[in-house]
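Just below is one structure, and these are the notes that go with it.
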Amino acid sequence: MQRDPETFAIIGAAMEVHRKLRHGFLELVYQTALALEFQNRGIPYAAEGALPIKYKSKLLTCAYRADFICFSNVIVETKAIAQLTNADDAQLINQLKATGFHRGILLNFGASSLEHRRLVFGLSDNLRKSVQSVDDISSQSTAEIYL
Numbered sequence: 004m005q006r007d008p009e010t011f012a013i014i015g016a017a018m019e020v021h022r023k024l025r026h027g028f029l030e031l032v033y034q035t036a037l038a039l040e041f042q043n044r045g046i047p048y049a050a051e052g053a054l055p056i057k058y059k060s061k062l063l064t065c066a067y068r069a070d071f072i073c074f075s076n077v078i079v080e081t082k083a084i085a086q087l088t089n090a091d092d093a094q095l096i097n098q099l100k101a102t103g104f105h106r107g108i109l110l111n112f113g114a115s116s117l118e119h120r121r122l123v124f125g126l127s128d129n130l131r132k133s134v135q136s137v138d139d140i141s142s143q144s145t146a147e148i149y150l
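What follows is the structure, given as structure tokens:
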């Protein structure tokens, strides 16, 4: 399988942050360090980027704020919790669907090893079938999910 160089670069930056800081800090510490690592590696990003949300093909007056938007098209959500859950996966899936983005990365710095999940939301809008695949990977620290 061919690696996506943009998401590969994002995960590499997160691995470096986790390698240096380990687990045990609040999410904001990891977000701040990750922003510095993105800068050091030349990864374009926007922190707390506002993304419009569509409901029934209409834009809502509120917006979703991603922890990071990298390369103008990858949503990056960070966590600092003991273990990622299905609810964390569902949150990113909903964000991809609502914003129209196709790629998202979920990073968890709170575990002893960095947990990362790369989600690719395809052209299909059938998420009900895809949610079952999210349930199957809840115990893995690394996963790629194609929706």
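Quick note on the numbering used here: the sequence shown kicks off at 4 and runs consecutively. The beta carbon of each residue, even a glycine, is placed where N, CA and C say it ideally should be.
Neighbour-count burial assignment, L39, 16 or more Cβ in a 10 Å radius: Taking the sequence shown and counting its residues from 1, the one referred to as residue 39 is at position 36. When all chains shown are included, L39 counts as exposed.
Using 10 angstroms around the beta-carbon of T64, count the other beta-carbons present and answer buried if the total reaches 16, otherwise exposed. Walking along the sequence shown from the start, residue 64 turns up at place 61. T64 comes out exposed.
Report, in whole angstroms, the separation of the C-beta atoms of G113 and A83, which I expect to be a contact under 8 Å. In the sequence shown, residue 113 corresponds to position 110, counting from 1. In the sequence shown, residue 83 corresponds to position 80, counting from 1. Correct: roughly 4 Å between the Cβ atoms.
Taking 7 Å as the limit between beta carbons, can you name the residues of its chain near D91, skipping five residues before and five after? Position 88 of the sequence shown holds residue 91. So the list reads K82, L109, once near-sequence residues are dropped.
For the segment 17 to 74, which segments carrying the beta strand (DSSP E) assignment without a break, of at least 3 residues, lie completely within its bounds, in sequence order? If you keep only unbroken beta strand (DSSP E) runs of at least 3 residues inside the segment 17 to 74, you get 48 to 58, 61 to 73.
Taking the beta strand (DSSP E) that N89 belongs to, which residues open and close that run? For this step, residue 89 is matched to residue 86 along the sequence shown. Careful: N89 lies outside any beta strand (DSSP E), inside the alpha helix (DSSP H) at 89 to 102.
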